[in-house]
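Residue numbers (the numbering used here): 7 to 437. Ideal Cβ placement from N, Cα and C applies to all residues, glycine included. Comments concern the structure below.
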Ligand code: 4AD
Ligand code: MG
């Protein structure tokens with residue numbers, strides 16, 4: 007008899023198998039009990055009949071508590087009425103670990119309660135589906151970049167620089183020296199692009215976000231590709247191909263998960279059609295003003311503005327060339343204007359806002375040195391970065407995709423916290 011996982015049950019119809027499971031729920035009537043089982047790979051039902059297992063085992067089954075772990079043995083059957091499509095007719099079971107009173111019951115719990123019990127909540131079907139989709143997006147990311155001649159170069163997490171500004175920094179003492187938790191791997195990816203051509207990193211990024219919003223985590227995961235010999239136009243084309251690839255991968259490989267969370271696949275399919283619209287920041291301001299938004303040229307967009315813009319196009323939309331004053335120091339100057347830079351944010355529809363921030367990088371040593379000074383930082387900490395402009399500087403571009411931002415949109419969640427196993431926010435570092 008083979009020991010299998012629930013996920014593979016469809017390949018074992020009419021076979022007798024053994025599965026290690028936890029009990030997530032149960033109900034019984036007279037001579038039959040229905041056990042809702044999960045093993046992490048999927049959820050399905052076990053059916054126990056008194057006639058099959060005898061009086062004693064049947065009574066024991068009825069006493070099992072939620073989250074008891076057990077080995078069940080039985081035969082897999084098709085079950086068209088159930089969501090999973092298969093069930094197991096249990097012939098015997100053996101308890102492995104008893105369970106105390108489990109705090110998370112099938113009834114509704116408040117979000118704080120669930121977040122305090124995140125370590126247990128992860129066992130439930132919605133988090134399971136969401137984090138499986140997360141895994142698929144990570145897998146597809148590696149596939150996409152490997153297939154497009156990128157190699158993964160890991161950036162350090164302890165750094166001496168603050169490329170995205172000093173207001174949201176986590177500082178730490180590094181043997182008497184100032185150090186920060188990385189806000190972005192970008193500067194290191196720029197160095198790596200000059201060494202390997204096309205590179206990407208994927209790792210945690212830290213921002214001491216003091217605001218409490220549904221779009222901000224203090225620790226989030228970012229995918230950061232960086233391409234030597236590439237201008238912004240080509241980078242935008244790569245970005246939209248990447249997003250469409252991710253959406254298609256989720257459609258193809260996460261059918262069950264999408265069903266569990268109730269995400270409409272037809273809507274998702276729209277986002278695989280390229281190209282995505284592009285609008286300049288200037289035109290975006292005009293469009294917003296025409297629609298009664300109280301915005302002036304020079305401001306950064308808040309969530310209502312971003313929501314309006316992406317909904318207006320009903321697709322992800324690139325907003326191009328923001329004012330220099332509100333963007334990072336390294337962005338390339340515009341060839342004919344000194345008030346904007348060559349950059350783009352990709353805004354997601356359905357109210358999800360910025361999912362990608364990217365730009366072409368300036369290549370001029372003196373300009374960048376001045377930019378670092380203007381940002382109130384010490385160019386000494388950036389000597390290594392400035393070296394890249396001394397030894398064969400070339401046009402290069404890159405971007406950062408916020409993994410949880412992307413996932414929250416794809417899965418239509420209310421809050422980023424649902425898409426990361428153990429979220430870190432201004433008021434949460436437990437569990
Ligand atoms: O726009 P950002 O700050 O850009 C950078 O860090 C660049 N260095 C990236 C690059 O060009 N290599 O951040 C990029 C993306 C945002 O578009 C957003 O999706 C996500 O990271 N992000 C956050 N996600 C969750 N919580 C936060 N506090 C985030 N801040 C940014
Ligand atoms: Mg940004």
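Excluding sequence positions up to five away, which residues of its chain have a Cβ less than 7 Å from the Cβ of residue 84?
As a first step, residue 84 must be located in the chain shown, where it is residue number 78. Here the set comprises 19, 91, 92.
Cβ atoms of residue 68 and residue 34: under 7 Å apart, would you say?
Here residue 34 corresponds to residue number 28 of the chain shown, with the count starting at 1. Here residue 68 corresponds to residue number 62 of the chain shown, with the count starting at 1. Taking 7 Å as the Cβ cut-off, residue 34 and residue 68 qualify as a contacting pair.
Select from 133, 365, 392 the residue whose C-alpha is nearest the C-alpha of residue 378.
Position 372 of the chain shown, counted from the first residue, corresponds to residue 378. Answer by Cα proximity: 392.
Heavy atom of the ligand MG less than 6 Å from the Cβ of residue 363, yes or no?
Within the chain shown, residue 363 is the residue found at index 357, counting from 1. Yes, the Cβ of residue 363 comes within 6 Å of a heavy atom of the ligand MG.
Alpha carbon to alpha carbon, how far is residue 388 from residue 297? Give it in angstroms, no decimals.
Taking the chain shown and counting its residues from 1, the one referred to as residue 297 is at position 291. Taking the chain shown and counting its residues from 1, the one referred to as residue 388 is at position 382. Roughly 43 Å separates the two Cα atoms.
Quick check: what's the CA-CA separation for residue 165 versus residue 186?
Mapped onto the chain shown, residue 165 falls at position 159. Mapped onto the chain shown, residue 186 falls at position 180. Distance between the alpha carbons of residue 165 and residue 186 is about 5 Å.
At the level of alpha carbons, what is the spacing between residue 30 and residue 115?
Taking the first residue of the chain shown as position 1, residue 30 is located at position 24. Taking the first residue of the chain shown as position 1, residue 115 is located at position 109. Computed Cα separation, rounded: 16 Å.
Please report the straight-line C-alpha distance between residue 94 and residue 279, rounded to a whole angstrom.
Here residue 94 refers to the residue found at position 88 of the chain shown. Here residue 279 refers to the residue found at position 273 of the chain shown. Near 41 Å, if we compare the C-alpha coordinates of residue 279 and residue 94.
Where does the unbroken alpha helix (DSSP H) through residue 135 begin, and where does it stop?
The residue you call residue 135 lines up with position 129 of the chain shown. Unbroken alpha helix (DSSP H) run through residue 135: 131 to 153.
Just confirm the distance between the C-beta atoms of residue 371 and residue 395, as a whole number of angstroms; I'd bet it's less than 8 Å.
Against the chain shown, residue 371 aligns to sequence position 365. Against the chain shown, residue 395 aligns to sequence position 389. The pair is a contact, with the Cβ atoms about 4 Å apart (cut-off 8 Å).
With a Cβ-Cβ cutoff of 7 Å, do residue 246 and residue 283 count as a contact?
As a position in the chain shown, residue 246 is number 240, starting the count at 1. As a position in the chain shown, residue 283 is number 277, starting the count at 1. Contact flag unset, no.
Suppose you measure from the CA of residue 353 to the CA of residue 310; what does that come to, to the nearest Å?
In the chain shown, counting from the first residue as 1, residue 353 sits at position 347. In the chain shown, counting from the first residue as 1, residue 310 sits at position 304. Taking the straight line joining both Cα atoms gives about 12 Å.
Take the Cβ of residue 25 as the centre, count every other Cβ of all protein chains shown within 10 Å, and call the residue buried at 16 or more, exposed below.
Here residue 25 refers to the residue found at position 19 when the chain shown is read from its first residue. Classification for residue 25: buried.
Per the DSSP calculation, residue 402 is bridged to which residue(s)?
Locating residue 402 in the chain shown gives position 396, where the first residue counts as 1. In DSSP, residue 402 forms a bridge with 234.
How about residue 266 and residue 135: do their beta carbons lie closer than 7 Å?
Locating residue 266 in the chain shown gives position 260, where the first residue counts as 1. Locating residue 135 in the chain shown gives position 129, where the first residue counts as 1. In this structure, residue 135 lies closer than 7 Å to residue 266 by Cβ.
Following the continuous beta strand (DSSP E) through residue 32, name the residue where it begins and the one where it ends.
Counting from one through the chain shown, the residue named residue 32 turns up at place 26. Unbroken beta strand (DSSP E) run through residue 32: 22 to 35.
Please give the ranges of any alpha helix (DSSP H) in the region 103 to 131, keeping only runs that are unbroken, at least 4 residues long and fully inside the region.
117 to 122, 124 to 127
Heavy atom of the ligand 4AD less than 6 Å from the Cβ of residue 6, yes or no?
The structure shown does not extend to residue 6, since the chain spans only 7 to 437, so no value can be given for it.
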